[in-house]
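Residues 2 to 502 (this note's numbering) are what the sequence shown spells out, left to right.
Each residue gets a CB set at the ideal place from its N, CA and C atoms; glycine is no exception.
Computed from a predicted model, the values in this text were never measured in an experiment.
I have placed the structure first, in the form of structure tokens, so that the comments after it can refer back to it.
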Amino acid sequence: PAARYAPAIVVGSGYGAAVAALRLGQAGVRTVVLEMGRLWNTPGPDGKVFPSTSAPDQRSMWFRNRTEAPLAQFLWLDVVNRDISPYPGVLDRVNYDGMSVYVGRGVGGGSLVNGGMAPTPRRSYFSEVLPRVDADEMYGTYYPRARAMLGVGDIDPAWFESTEWYRFARISRKHAGNTGLRTTFVPNVYDFAYMQREAAGTATRSALAGEVIYGNNHGKKSLDKTYLAAALGTGNVTIETLQRVVGVRRDPSGGYVLTVRTIDLTGRVTQTRELGCAQLFLGAGSLGTTEILLRARETGSLPELAEAVGRGWGHNGNVMTARANHLWDTVGANQATMPALGIDDWDNAANPVFAEIAPLPMGFEHWISMYLAITKNPERGHFTYDAAADAARLNWTRDQNAPSVAAAKNLFDRVNRANFTIYRYDLFGGNRAFADDFTYHPLGGCVLGEATDDYGRAKGYRGLYVVDGSLIPGSLGVNPFVTITTLAERNMARILAEDPR
Ligand code: FDA
Numbered sequence: 002p003a004a005r006y007a008p009a010i011v012v013g014s015g016y017g018a019a020v021a022a023l024r025l026g027q028a029g030v031r032t033v034v035l036e037m038g039r040l041w042n043t044p045g046p047d048g049k050v051f052p053s054t055s056a057p058d059q060r061s062m063w064f065r066n067r068t069e070a071p072l073a074q075f076l077w078l079d080v081v082n083r084d085i086s087p088y089p090g091v092l093d094r095v096n097y098d099g100m101s102v103y104v105g106r107g108v109g110g111g112s113l114v115n116g117g118m119a120p121t122p123r124r125s126y127f128s129e130v131l132p133r134v135d136a137d138e139m140y141g142t143y144y145p146r147a148r149a150m151l152g153v154g155d156i157d158p159a160w161f162e163s164t165e166w167y168r169f170a171r172i173s174r175k176h177a178g179n180t181g182l183r184t185t186f187v188p189n190v191y192d193f194a195y196m197q198r199e200a201a202g203t204a205t206r207s208a209l210a211g212e213v214i215y216g217n218n219h220g221k222k223s224l225d226k227t228y229l230a231a232a233l234g235t236g237n238v239t240i241e242t243l244q245r246v247v248g249v250r251r252d253p254s255g256g257y258v259l260t261v262r263t264i265d266l267t268g269r270v271t272q273t274r275e276l277g278c279a280q281l282f283l284g285a286g287s288l289g290t291t292e293i294l295l296r297a298r299e300t301g302s303l304p305e306l307a308e309a310v311g312r313g314w315g316h317n318g319n320v321m322t323a324r325a326n327h328l329w330d331t332v333g334a335n336q337a338t339m340p341a342l343g344i345d346d347w348d349n350a351a352n353p354v355f356a357e358i359a360p361l362p363m364g365f366e367h368w369i370s371m372y373l374a375i376t377k378n379p380e381r382g383h384f385t386y387d388a389a390a391d392a393a394r395l396n397w398t399r400d401q402n403a404p405s406v407a408a409a410k411n412l413f414d415r416v417n418r419a420n421f422t423i424y425r426y427d428l429f430g431g432n433r434a435f436a437d438d439f440t441y442h443p444l445g446g447c448v449l450g451e452a453t454d455d456y457g458r459a460k461g462y463r464g465l466y467v468v469d470g471s472l473i474p475g476s477l478g479v480n481p482f483v484t485i486t487t488l489a490e491r492n493m494a495r496i497l498a499e500d501p502r
């Protein structure tokens, strides 16, 4: 048995992990957070912590020789990606055979790189997805708690109507309106008051300077500024970075022993340690947590884990598409990187779609309307353990995206017909109008009530918990981080009230 390193260990530092760390710390439990990425608090040679999307460098991506931005091409030219040197950068693209998954790496996980969109799902759809979770409790107590802690806010509608920075969204709203479709404001964790000061020229620009997928230097209330700061403030929580958890086994005297690799900034493993704990909270995200548990089950270190570990994965039906506007419908050279509006057609039972109106800030007029469509795709993938590579492999085929593409096409064919416009084919590579080969919303792999009990306790192992997006069975109908946070709040409240420590 390894010496006990801490009463509780939390793996990862994204949404679920951050909630676990805070609530454990407040309950007086000494907790160590292990995060494979960096702490993003030190300016580089350019004086900035994060690079901008237009000038990516080594900080942009997780150990790459070249950036892999979602828009591979523009006007069929490869102008977006850049050669970089390998480094523990903030955005990773995990490439499986039929699907690539973007994830954040660093203290704060996905909150460092995401678009900050913070919607709450339709209650009816939430109950369809997680029927055994008490929706009264979620919508009455835990969603408000999570939104308050995350700092979710709304854009000032008057400013939205007048600013050049959201012209792109107003044009898309007009075209949706011409089609008879409803648009809705989407709350965000970016500080819109700060954004207004950026526009006025009184604050350093971040969302108005193209910053988003490689991190925001200002304005974004990422987890390091909210939950994780509060967790550290309890005095009971510490965070260790560049620590990758690879193995978990049971400690014969109770609790768990983790195998943890420390890496340096070149990616070299400088140390491998065994760290013991009484309670283990897995918050490494849908891919990370599922891989840790699948490896543990398949290599025999936690053989009693449920068959359901590795199953029930989905990408929230993500598809991107873009339309070419008429020359008089300019979208503006200046675009905020934080989306603020969505086309909400989720109640259309025949073809439910929630399409975020996405910016494409290129610094010049391009007449493009971009969308990230969230669709209701019934297909699910599963992970298998590849022993040779010692990694989890996602089994997902491109044809499983067909329902998502069909739903997005159904909606945007209508928009194009109503506005006499066409799709853009030059943005995603391969002359395609729909990008269905990547996702920002990995969900599932350790589904609530299947791989775990109804509160995230791993079946078969006392004191082992799943707290992140792997609990949600593949679909949510809206952007997921508020719900991941809310579910973690609900589960942690129960676990801290009931489970022995
Ligand atoms: P999350 O992925 O946040 O955190 C997991 C952490 O664990 C990471 O920091 C990772 O480095 C670490 N980790 C993984 N394996 C590990 C290991 N073995 N050892 C140690 N650490 C390990 N959502 C939304 O609601 N609104 C939005 O606008 C967007 N936009 C968006 C844009 C982009 C570009 C991306 C990539 C994603 C989004 N998302 C989003 C999705 C959102 O960010 C995502 O759903 C959440 O971050 C998932 O939260 P989790 O807690 O599940 O894990």
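Span separating the alpha-carbon of residue i from that of residue j
i	j	result
Val416	Arg39	43 Å
Gly45	Gln272	26 Å
Arg425	Leu92	26 Å
Cys278	Glu36	16 Å
Pro120	Asp58	31 Å
Glu499	Pro379	35 Å
Pro188	Asp155	5 Å
Ala7	Glu165	52 Å
Thr205	Tyr191	14 Å
Tyr97	Pro52	26 Å
Val249	Met62	27 Å
Pro353	Thr185	15 Å
Ile172	Ala136	36 Å
Arg502	Gln27	14 Å
Asn179	Ala325	16 Å
Ile240	Asp252	23 Å
Glu490	Arg418	44 Å
Gly446	Ala159	42 Å
Pro145	Pro122	13 Å
Gln74	Ala436	12 Å
Arg274	Val11	16 Å
Candidates the options: closest to residue i by CA position
i	options	result
Lys221	Val320, Arg418, Asn352 and Met118	Met118
Gly110	Ser287, Glu292 and Gly315	Ser287
Leu428	Pro71, Glu212, Phe64 and Gly13	Pro71
Ala356	Ala341, Gly364 and Val310	Ala341
Tyr413	Trp160, Asp346 and Leu488	The identity of residue 413 in the sequence shown is Phe, whereas the question assumes Tyr. If we check each option's Cα against that of Phe413, Asp346 comes out closest.
Met196	Ala337, Val310 and Tyr16	Ala337
Leu472	Gln74, Asp348, Gly311 and Thr422	Gly311
Arg5	Ala359, Gly478, Thr68 and Gly255	Gly255
Met100	His442, Leu266 and Val448	His442
Ala351	Gly450, Lys377, Trp77 and Val153	Lys377
Ile485	Val12, Glu292, Ile10 and Tyr16	Tyr16
Asn82	Leu295, Ala436 and Arg65	Arg65
Val50	Leu449, Leu113, Leu76 and Val33	Leu113
Ala389	Arg245, Asp454, Arg296 and Gly141	Arg296
Contact test: residue i Cβ vs ligand 1 heavy atom, cutoff 7 Å
i	result
Arg106	yes
Ile264	no
Arg35	As written in the sequence, residue 35 is Leu, which differs from the Arg given in the question. Yes.
Arg245	yes
Ile485	yes
His442	yes
Tyr88	no
Tyr144	no
Tyr103	yes
Pro188	no
Val114	yes
Met118	yes
Val12	yes
Ile375	no
Pro353	no
Gly45	no
Ser55	no
Ala18	yes
Ile358	no
Identity of the residues DSSP links to residue i by a beta bridge
i	result
Glu241	Leu35
Cys278	Ala7 and Tyr257
Gln272	Thr263
Trp77	Answer is none; Trp77 lacks a bridge partner.
Tyr386	Ala393
Glu357	Gly343 and Leu373
Ala325	Ile369 and Ile423
Residue i: CB within 7 Å of a non-hydrogen atom of ligand 3
i	result
Ile344	This structure lacks ligand 3; the ligands present are ligand 1.
For this session: Specify whether the stretch 391 to 407 and the stretch 363 to 373 touch according to this definition: at least 3 beta carbon pairs, one from each stretch, less than 8 Å apart.
Result: No, the stretch 391 to 407 does not touch the stretch 363 to 373.
Exercise. Using 8 Å as the threshold, is the stretch 99 to 107 in touch with the stretch 403 to 410, meaning 3 or more CB pairs across them?
Worked result: Counting Cβ pairs under 8 Å, fewer than three are found: no touch.
For this session: State whether the stretch 221 to 239 contacts the stretch 11 to 26, with contact taken as three or more CB pairs (one from each stretch) at a distance under 8 Å.
Result: The way I'd put it, the stretch 221 to 239 does touch the stretch 11 to 26; three or more beta-carbon pairs between them come closer than 8 Å.
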